[in-house]
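*Asks:* Numbering that gives the first Met the number 0 puts the first residue of the sequence shown at 0, with every later residue one more than the last.
Glycine included, every Cβ here is placed at the ideal spot set by N, Cα and C.
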Amino acid sequence: MITMNAVFSFAILVGILSFIFLVAAIGTDFWYFTDASKLEKLANRTDSLSSHSGLWRTCQCNTCVPLLNPFKLERQNASMSHQQVLNMHSAFVVLLPLSLTVMILGGVTGFISILAKAYFLLLFTGVLFLFGALVTLAGLSVYIAHSAAAFKEVMSLLRNESLRGILSIRFGWSLAFAWLSLAAEVLPLSLPSTHLSPPPPATRPWGSRQLV
0 MITMNAVFSF AILVGILSFI FLVAAIGTDF WYFTDASKLE KLANRTDSLS
50 SHSGLWRTCQ CNTCVPLLNP FKLERQNASM SHQQVLNMHS AFVVLLPLSL
100 TVMILGGVTG FISILAKAYF LLLFTGVLFL FGALVTLAGL SVYIAHSAAA
150 FKEVMSLLRN ESLRGILSIR FGWSLAFAWL SLAAEVLPLS LPSTHLSPPP
200 PATRPWGSRQ LV
């Protein structure tokens with residue numbers, strides 16, 4: 000039988016880890032790398048043409064510029080593929096911070112359930128973390144699809160066919176942190192709820208009489 004104190008301690012630990020991983024992922028600029036090393040050798044360039052990007056900006060040669068706001072761009076003259084990229088960009092910049100917000104709310108309710116020793120509030124906290132995990136999973140899935148679609152869009156804009164084979168992208172450690180955050184969110188939910196024992200009801204002292 001798993002006691003509530005053990006569940007509380009385990010949930011606090013993995014909740015803090017999940018929060019730290021997600022904050023680190025959202026706040027860093029190493030979600031994916033654009034490798035242009037082959038282009039540098041081909042063009043005999045001494046400066047670096049490779050870049051790395053996050054959710055909010057892209058960096059090259061120690062210089063970072065913010066990404067375009069997908070909510071403010073004009074889409075009337077954009078192609079269907081470009082509009083799809085913008086829609087996915089709009090989706091993941093909302094989903095991932097939303098997951099962080101749900102995680103904070105779950106931490107608050109979990110803390111209250113510890114103080115009140117409320118079994119059903121603990122279950123509600125688990126529901127919040129489950130919802131946050133689903134939002135995180137949706138955000139990561141949309142981001143990966145967006146990265147592939149954006150790279151395909153850039154390749155289609157290159158007129159020189161020879162340049163399409165010398166540029167490549169790879170995902171970075173910021174995305175790995177986001178996946179670790181997701182794993183930490185799901186980990187407490189792996190505990191079978193049927194093995195959780197709610198606190199026993201209060202009993203009257205031995206020998207006390209029931210008042211009519």
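1) Here's a check: name, in chain order, each residue in its chain whose Cβ is nearer than 7 Å to the Cβ of Ala147, leaving out the five neighbours to either side.
2) Can you tell me where the alpha helix (DSSP H) holding Phe29 begins and where it ends?
3) With a 10 Å radius around its C-beta and 16 neighbouring C-beta atoms as the bar for buried, classify Trp172 as buried or exposed.
4) List the DSSP bridge partners of Gln82.
5) What is the DSSP secondary structure of Ile15, reduced to helix, strand or coil?
6) My assumption, with CB atoms under 8 Å, is that Met87 sits in contact with Val134. Please give the rounded CB distance.
7) How about Ser98 and Gly53: are their beta carbons less than 7 Å apart?
8) Three-state secondary structure (DSSP) at Ser47?
*Replies:* With the given structure in hand:
1) none
2) It is not in any alpha helix (DSSP H) - Phe29 carries neither H nor E in the DSSP assignment.
3) When all chains shown are included, Trp172 counts as exposed.
4) Per DSSP, none; premise fails for Gln82.
5) Ile15: helix per DSSP, three-state reduction.
6) In fact, because the Cβ distance is near 15 Å, the residues do not count as touching under 8 Å.
7) no
8) In this structure, Ser47 counts as coil in the three-state DSSP scheme.
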